[in-house]
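Engineer:
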Amino acid sequence: MISVAEALEVVLANTRPLSAEVFPLPDALGRILAEDIIADSDLPPFDRAQMDGYAVRASDVANAPANLRVIGESAAGAGWHHEMKAGEAVRIMTGAPVPQGADAVQQVELTREVDGASTVEILEAVNSGRSIVRRGQEVKAGETVLRAGEEINAQLIATLASFGYGRVKVGTRPRVAVMATGSELVDVRQKPGRDQIRDSNNYTIEAYARLAGATVERLPLAGDNTELLKKQMATAIERCDVLVTSGGVSMGVYDLTKGAFKELGAEIFFERVALKPGKPTVFGRIGSTLVFGLPGNPVSVAVTFNLFARPAIRAMQGARERTLPEEIAVMTRNVKAAKDRDSYLPAVLQTVDNGMLTAEPLKWGGSSDFVAFARANGLIVVPAGASLAADQPVKCLRLPA
Ligand code: AMP
Ligand code: MG
Numbered sequence: 007m008i009s010v011a012e013a014l015e016v017v018l019a020n021t022r023p024l025s026a027e028v029f030p031l032p033d034a035l036g037r038i039l040a041e042d043i044i045a046d047s048d049l050p051p052f053d054r055a056q057m058d059g060y061a062v063r064a065s066d067v068a069n070a071p072a073n074l075r076v077i078g079e080s081a082a083g084a085g086w087h088h089e090m091k092a093g094e095a096v097r098i099m100t101g102a103p104v105p106q107g108a109d110a111v112q113q114v115e116l117t118r119e120v121d122g123a124s125t126v127e128i129l130e131a132v133n134s135g136r137s138i139v140r141r142g143q144e145v146k147a148g149e150t151v152l153r154a155g156e157e158i159n160a161q162l163i164a165t166l167a168s169f170g171y172g173r174v175k176v177g178t179r180p181r182v183a184v185m186a187t188g189s190e191l192v193d194v195r196q197k198p199g200r201d202q203i204r205d206s207n208n209y210t211i212e213a214y215a216r217l218a219g220a221t222v223e224r225l226p227l228a229g230d231n232t233e234l235l236k237k238q239m240a241t242a243i244e245r246c247d248v249l250v251t252s253g254g255v256s257m258g259v260y261d262l263t264k265g266a267f268k269e270l271g272a273e274i275f276f277e278r279v280a281l282k283p284g285k286p287t288v289f290g291r292i293g294s295t296l297v298f299g300l301p302g303n304p305v306s307v308a309v310t311f312n313l314f315a316r317p318a319i320r321a322m323q324g325a326r327e328r329t330l331p332e333e334i335a336v337m338t339r340n341v342k343a344a345k346d347r348d349s350y351l352p353a354v355l356q357t358v359d360n361g362m363l364t365a366e367p368l369k370w371g372g373s374s375d376f377v378a379f380a381r382a383n384g385l386i387v388v389p390a391g392a393s394l395a396a397d398q399p400v401k402c403l404r405l406p407a
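So the sequence shown is numbered by this note's numbering: it starts at 7 and just counts up by one.
1) On the three-state DSSP scale, how would you describe Ala365?
2) Measure the Cβ-Cβ separation of Thr56 and Ile138 and say whether it is below 8 Å.
3) The beta strand (DSSP E) spanning Arg181 covers which residue range?
4) Do you know whose CA, among Ala325, Phe267, Pro198 and Asn340, lies nearest Asp42's CA?
5) Can you have a look at Ser25 and say buried or exposed, based on whether 16 or more other CB atoms are within 10 angstroms of its CB?
6) For Thr21, is the classification buried or exposed, using 16 other Cβ atoms within 10 angstroms of its Cβ as the cut-off for buried?
7) With a Cβ-Cβ cutoff of 8 Å, do Val305 and Pro283 count as a contact?
8) So, helix, strand or coil for Glu269, using DSSP?
9) Would you say Gly371 lies against chain B (beta-carbon separation less than 8 Å)?
10) Nearest-angstrom Cα distance between Ala183 and Ser294?
11) Just to confirm my understanding: we take Pro198, look at its own chain, exclude 5 residues before and 5 after, and list those with CB closer than 7 Å. What are they?
12) Which of the three DSSP states, helix, strand or coil, is assigned to Ser373?
13) Nearest-angstrom Cα distance between Ile44 and Ala147?
14) With a cut-off of 8 Å, do at least 3 Cβ pairs link the segment 260–278 to the segment 316–324?
15) Within this structure, are the beta carbons of Val187 and Thr263 separated by less than 8 Å?
16) Within the same chain, show all residues whose beta-carbon is closer than 6 Å to that of Met7, passing over the 5 residues directly before and after it, in chain order.
17) Between the alpha carbons of Arg179 and Glu156, how many angstroms are there, rounded?
18) Within 7 Å: the Cβ of Val191 and any heavy atom of the ligand AMP?
19) Tell me which residues share the same chain as Asn99 and place their Cβ nearer than 6 Å to its Cβ, disregarding the 5 neighbours each side in the sequence.
20) Which residue from Ala407, Ser65, Ala365 and Gly361 puts its Cα closest to that of Pro352?
21) Can you tell me which of the three DSSP states Lys236 falls into?
22) Just curious, the alpha helix (DSSP H) that Leu74 is in, first and last residue?
23) Contact defined as beta carbons within less than 8 Å: I believe Ile38 pairs with Gly172. What is the distance between those atoms, to the nearest angstrom?
24) Which term fits Lys285, buried or exposed, when burial requires 16 or more other beta carbons within 10 angstroms of its beta carbon?
25) Would you list, in sequence order, the uninterrupted beta strand (DSSP E) runs of no fewer than 3 residues that lie entirely inside the segment 201–267?
26) Return the residue from the list Ala343, Gly371 and Gln323 that minimises the CA-CA distance to Val28.
27) Does the distance from the CB of Ala378 to the CB of Gly384 come in under 8 Å?
28) Could you say which of Asp53, Gly391, Arg339 and Thr241 lies nearest to Arg136 if we only look at CA atoms?
29) If you drop the 5 nearest sequence neighbours on each side, which residues of the same chain put their C-beta closer than 6 Å to that of Leu217?
30) Is Asp230 near the ligand MG, judged by its Cβ being under 7 Å from some heavy atom?
31) Return the chain-ordered list of same chain residues with a C-beta closer than 8 Å to the C-beta of Lys91, the five sequence neighbours on each side being excluded.
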């Protein structure tokens with residue numbers, strides 16, 4: 007049995023990034039950047055007015071009110087490109103270049119037109135540099151502004167657009183096949199007969215795999231029949247980067263998943279992890295396809311997928327953030343770990359009135375209780391053998407949302 011940390015290392019050591027592909031910028035949202043983003047120009051590219059008003063020399067208006075001669079207009083996209091002299095002002099708009107000779111912009115609310123528009127009265131003094139963003143003040147040409155491995159969220163889009171990345175190199179989405187084992191399973195559209203239940207794991211895995219950036223192919227239910235398992239697995243391996251199965255990895259007579267992997271020539275890297283829930287998790291490779299044999303219980307599936315399969319899917323896309331985000335939260339009650347295994351307890355993480363993040367372990371019936379699990383948004387990490395007391399800070403992981 008290996009530790010959770012060792013198992014994660016083994017997964018990452020055996021995961022190779024897929025090649026990158028190029029997409030139009032709008033379609034790159036949510037994908038992983040596969041190139042460094044370099045500024046092709048200073049930002050702003052010229053001294054830029056931050057306000058509508060008048061470009062002035064601060065020294066001219068130090069004893070405001072002061073009258074200045076308006077000698078031109080600088081608009082966004084149509085600047086006034088001459089030298090502005092003492093006693094002069096240029097009407098200017100937000101986003102327009104500040105003329106040579108001016109060193110401040112006074113906002114229009116603190117000015118008054120006199121003599122039609124040929125003279126402006128500046129009502130208040132203004133400090134040199136006021137309402138001007140200097141060329142290159144935000145970014146210098148040649149600077150690396152974003153790095154490969156970042157997830158392209160909406161906040162990044164302006165940066166990509168502004169530096170001319172109309173097409174962006176992103177990590178290819180891994181193709182994930184999911185397959186449920188178990189003769190008791192029927193599909194979601196069917197009414198379970200005697201001794202049967204509906205398959206939920208395929209849908210859970212599909213959901214988490216998509217949240218991790220994968221495309222997903224659901225294989226037909228394979229029952230507990232080694233030949234059928236092998237047949238489905240073989241088709242998946244031909245066209246997918248990752249195969250995730252659920253069920254059939256415990257010690258029962260009908261737990262056939264590992265055997266089927268092995269008969270297909272799998273190299274098995276681990277098959278037991280010191281983890282609760284999720285001890286019988288299997289990880290291996292068949293050809294170039296990574297295979298994850300997750301346990302059958304629905305909550306074990308959610309935990310083990312996110313601890314092991316998610317990092318592989320993220321790493322294949324070149325993502326820098328592979329594991330679930332960590333948080334420190336304060337326990338609301340006492341909990342105990344298993345003696346020899348780290349426990350990952352489903353929990354509700356929430357910020358309470360004083361701004362503190364608390365972790366409330368779910369009241370649940372164990373790893374089959376997916377209805378209780380529906381409320382969880384995090385996992386509390388309880389090291390093997392440890393007891394955690396109420397009011398103590400603990401490490402938690404955020405479940406993907
Ligand atoms: P197993 O690991 O195959 O022994 O399954 C453990 C438990 O999880 C059993 O109660 C199964 O009925 C249940 N289970 C297995 N696969 C699924 C699935 N795809 N959807 C829902 N429950 C499942
Ligand atoms: Mg089973």
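From the three backbone atoms N, C-alpha and C, an ideal C-beta is built for every residue, glycine too.
All of these numbers come straight from a predicted model, not from anything done at the bench.
Structural biologist: The answer reads as follows:
1) Looking at Ala365 - three-state DSSP - the assignment turns out to be strand.
2) It is worth fixing the name first, because residue 56 is Gln in this sequence and not Thr. Result yes, Cβ atoms of Gln56 and Ile138 sit closer than 8 Å.
3) Where Arg181 is concerned, the enclosing beta strand (DSSP E) stretches over Arg181 to Ala186.
4) Among Ala325, Phe267, Pro198 and Asn340, the Cα nearest to that of Asp42 belongs to Ala325.
5) By the neighbour-count rule (16 or more Cβ atoms within 10 Å), Ser25 is not buried but exposed.
6) The residue in question, Thr21, is buried, as its Cβ has 16 or more Cβ neighbours within 10 Å.
7) Cβ distance < 8 Å, so Val305 and Pro283 count as in contact.
8) Three-state result, Glu269: helix.
9) In summary, chain B is missing from the structure at hand, where a single protein chain is found.
10) Distance between the alpha carbons of Ala183 and Ser294: 14 Å.
11) So the list reads Val192 and Arg204, once near-sequence residues are dropped.
12) Assignment of Ser373 by DSSP, reduced to helix, strand and coil, places it in the coil class.
13) Ile44 and Ala147: Cα-Cα distance of roughly 8 Å.
14) As far as the Cβ criterion goes, the segment 260–278 does not touch the segment 316–324, which means the pair count is below three.
15) Checking the displayed sequence, the identity of residue 187 turns out to be Thr instead of Val. In contact: Thr187 and Thr263 (Cβ atoms closer than 8 Å).
16) Shown here for Met7: same chain residues with a beta carbon closer than 6 Å to its own, the five before and five after excluded, namely Arg278 and Ala280 in chain order.
17) Distance between the alpha carbons of Arg179 and Glu156: 15 Å.
18) Per the sequence presented here, residue 191 reads as Leu, with Val not at that position. Yes - the ligand AMP has a heavy atom lying nearer than 7 Å to the Cβ of Leu191.
19) As written in the sequence, residue 99 is Met, which differs from the Asn given in the question. Excluding residues within five positions, the ones whose Cβ falls inside 6 Å are Asp58, Ala81 and Ala82.
20) It is Ala365.
21) Taken through DSSP and simplified to helix, strand or coil, Lys236 comes out as helix.
22) First-last for Leu74: Ala72 to Ser80, but that is the beta strand (DSSP E), not the alpha helix (DSSP H).
23) That belief does not hold up - the Cβ atoms of Ile38 and Gly172 are roughly 18 Å apart, past 8 Å.
24) Buried, since its Cβ has 16 or more Cβ neighbours within 10 Å.
25) Fully enclosed beta strand (DSSP E) runs of 3 or longer: 221–224 and 248–252.
26) Comparing Cα-Cα distances from Val28 to each of Ala343, Gly371 and Gln323, the minimum goes to Gln323.
27) The answer is no: Cβ separation not under 8 Å.
28) When each option's Cα is compared against that of Arg136, the closest is Asp53.
29) Cβ neighbours of Leu217 beyond the five flanking positions: Pro406.
30) At least one heavy atom of the ligand MG is nearer than 7 Å to the Cβ of Asp230, so yes.
31) Excluding sequence neighbours, Lys91 sits near Gly107.
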